[in-house]
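Numbering (this note's numbering), first residue to last: 138 to 577.
Below is one structure, written out as structure tokens; the observations come after it.
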Amino acid sequence: MIKRRFYIETYGCQMNIYDSGVISEILTGQGHEPADCAAEADLILINTCSVRDRAERKVLTRLSEISATKKGRPDLLLGVVGCMAQRLGKKLTETWMKIDLVVGPDSYDTLGGIITGLTVERDPVVETTQDSECMYAHRPKTFDSVSAFVTIMRGCDNFCSYCIVPYVRGRERSRPLGDIIKEIKHLVELGVKEATLLGQNVNSYRDGKTGFAGLLEAVDAVEGLERIRFTTSHPKDLAPGVIERIRDLPGVCEHLHLPLQSGSDRILASMNRGYSYGDYRRIVNLARSAIPGIAITTDIMVGFPGETRSDHEATLRAMEEIAFESAFMFKYSAREGTHAAGLTDDVEEAEKVARLGQVIELENSIIDTKKQALLGKEVEILVEGESRRESGFLIGRTRKNWLAKLPQKGVSKGEVVVAEVTGVTRWMISCDGSVRKAGA
Ligand code: SF4
């Protein structure tokens, strides 16, 4: 059997970052070795995202770059995994690009066998079988970060009208509680201090009688784990019990990522989101009254089919009213096969760009105000490691997920410290003053 040196390039969400770890474990388990960079590898896998047209175009550009280098490197194999592999399947091998394998998110267990049997002369292999039972566990032998993603469920049953995820990642299923806890304990033994629980809709997690609130309790009880984060929460499923656990469990960070998408009830209905803006605001009020200062972050999409100027203004008003700590902001792009792709994409591109510019400008001003208010306050930081940009400085995150920078003196990676905020920029807070160990 030919042992390969593999390199995985990951695009898209945290779920893909987790899956790349899973693929790496599968391949090393079969005797293949990870390479430090694409140039040193003889197997390059691109883990892809289909959520937006732009994400797919970026991947296609990268694939065509690598494919072009295959002329001079006849031993190099190129594979596509992830959501684009599932969505496009065989079509990817029918382009001029020289792609050797295409494997969807439910078929990573087959990768070892596929690669073993694959030679450069062989026809491409396409494996995109969907398996509604498919679950993976990530058990790395070493882990060099203090923060790890842990997938608690896969797939999605919500069918938001613009979204391709239920088609490429399949129906929603939850991982057994015991398996999740085992994985987290294993990661803690490898030095992990923070676990981010991942799912398309974590609030609908269920294993027997245990729902998401119960899972948070079980994870919080893992000894040595300092922090717990989770994403994504769907506003229609966020139960008051989860808000209570954020308030009461010491490890759960005071941060809720709650995608709003639009401030217009008409557009929310057309998106099939299952809540109105009033419902959304009630949840935010509940969270903020239970946990004063909780960070609320969101996703905003502009230019959905039929979005009028007044719908867009409703979104701007909602953003002002809620004052999100941060937001991912996007222009709508039709995804073939979704319900919304059948609607007339009637907001002109220039208007979409203008609307996106307005939401970004508004959000930036909200972030600037929130950051200024942090000056002189103390924040708790989990130190993630040395700053790549500034020697002598460490980088970490506050409980509310602000990126923070602090001097290296007497502090090490993995420690939780309390520091005073001495400076702020839009994307970073600086803590150049007093720093002490948390609990000291
Ligand atoms: S909740 Fe909606 S937007 Fe999120 S993955 Fe599921 S279908 Fe897509």
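Yeah, the Cβ is synthetic: ideal placement off N, Cα and C, and Gly gets one too.
Nothing here was measured: the structure is a model prediction, and the numbers come from that model.
So residue i is in the beta strand (DSSP E); what residue range does that whole segment cover?
i    : result
L453 : Element bounds for L453: not the beta strand (DSSP E) but the alpha helix (DSSP H), 446-459.
G315 : Segment 314-326 is the alpha helix (DSSP H) holding G315; no beta strand (DSSP E) there.
F467 : 463-468
G522 : 515-523
R573 : 572-574
R534 : 530-535
L393 : 392-394
Is it buried or exposed for residue i, if we count other Cβ within 10 angstroms and need 16 for buried?
i    : result
M120 : Since the displayed the chain opens at 138 and closes at 577, residue 120 lies outside it and no answer follows.
C297 : buried
R306 : buried
E462 : buried
R291 : buried
N340 : buried
A556 : buried
D156 : buried
G216 : buried
P372 : buried
L423 : exposed
T452 : buried
S370 : buried
D281 : exposed
S153 : The amino acid at residue 153 is misidentified as Ser; the sequence shows Asn. With 16 or more Cβ atoms within 10 Å of its Cβ, N153 is classed as buried.
T481 : exposed
Which residue marks the beginning of the alpha helix (DSSP H) containing residue i, and which one marks its end?
i    : result
D436 : That residue, D436, is in no alpha helix (DSSP H); its beta strand (DSSP E) goes 432-439.
G400 : G400 -> no alpha helix (DSSP H), and no H or E assigned at all.
M221 : 220-225
V339 : Segment: none, V339 is in no alpha helix (DSSP H) and carries neither H nor E.
P442 : Per DSSP, P442 belongs to no alpha helix (DSSP H) and is neither H nor E.
V490 : 486-509
V240 : Unbroken run through V240 is the beta strand (DSSP E), 238-240; no alpha helix (DSSP H).
N538 : No alpha helix (DSSP H) contains N538, which DSSP labels as neither H nor E.
E421 : Sequence inspection shows Val at residue 421; the Glu mentioned does not correspond to that position. Looking at the DSSP string, the run of the alpha helix (DSSP H) that includes V421 is 414-427.
Assuming the contact rule is C-beta atoms closer than 8 Å, residue i and residue j should be a hit. Round their C-beta distance to whole Å, please.
i    : j    : result
P377 : T435 : About 20 Å separates the two Cβ atoms, so there is no contact after all.
E162 : R276 : 6 Å
L248 : V239 : No, L248 and V239 are not in contact; Cβ-Cβ is about 11 Å, not under 8 Å.
N338 : C293 : 6 Å
V520 : V548 : 6 Å
I433 : V421 : 6 Å
L405 : S399 : 5 Å
L386 : I321 : Wrong, their Cβ atoms sit about 14 Å apart, outside the cutoff.
V329 : V283 : 6 Å
Y299 : M408 : 6 Å
I236 : P211 : Not quite, the Cβ-Cβ distance comes to about 15 Å (not below 8 Å), so this is no contact.
Under the three-state reduction of DSSP, which class applies to residue i: helix, strand or coil?
i    : result
Y144 : strand
H371 : coil
L386 : coil
T288 : strand
S187 : coil
E170 : strand
I181 : strand
R210 : coil
E193 : helix
E360 : coil
T347 : strand
P303 : helix
G264 : A small fix is needed here, since residue 264 is Glu in this sequence, not Gly. In this structure, E264 counts as strand in the three-state DSSP scheme.
P544 : strand
G216 : strand
I566 : strand
V553 : strand
G249 : helix
A406 : helix
E99  : The requested residue 99 does not occur in the structure, where the chain is confined to residues 138 to 577.
R259 : coil
G254 : helix
S157 : helix
R366 : strand
V379 : helix
A332 : strand
S204 : helix
Comparing the CB of residue i with every heavy atom of ligand 3, is any distance shorter than 8 Å?
i    : result
V302 : With respect to ligand 3, the structure shown offers nothing to examine, as its ligands consist of ligand 1.
Spell out a yes or no on whether the segment 281-299 and the segment 312-328 are touching, meaning 3 or more CB-CB pairs, one atom from each, closer than 8 Å. yes
Assess contact between the segment 181-195 and the segment 462-476, defined as three or more Cβ pairs (one per stretch) separated by less than 8 Å. Is contact present? yes
Does the contact criterion of 3 or more C-beta pairs under 8 Å hold for the segment 530-537 versus the segment 487-504? no
Counting beta carbon pairs with one atom in the segment 167-180 and one in the segment 344-355, are three or more of them shorter than 8 Å? no
Report yes or no: do the segment 509-520 and the segment 555-565 share at least 3 C-beta pairs separated by less than 8 Å? yes
Determine contact between the segment 358-366 and the segment 329-346, defined as no fewer than three beta-carbon pairs at a distance below 8 Å. yes
Decide if the segment 173-182 is in contact with the segment 142-161; the criterion is three or more beta carbon pairs, one per stretch, under 8 Å apart. yes
Cβ contact (3+ pairs, closer than 8 Å) linking the segment 564-575 and the segment 537-547: yes
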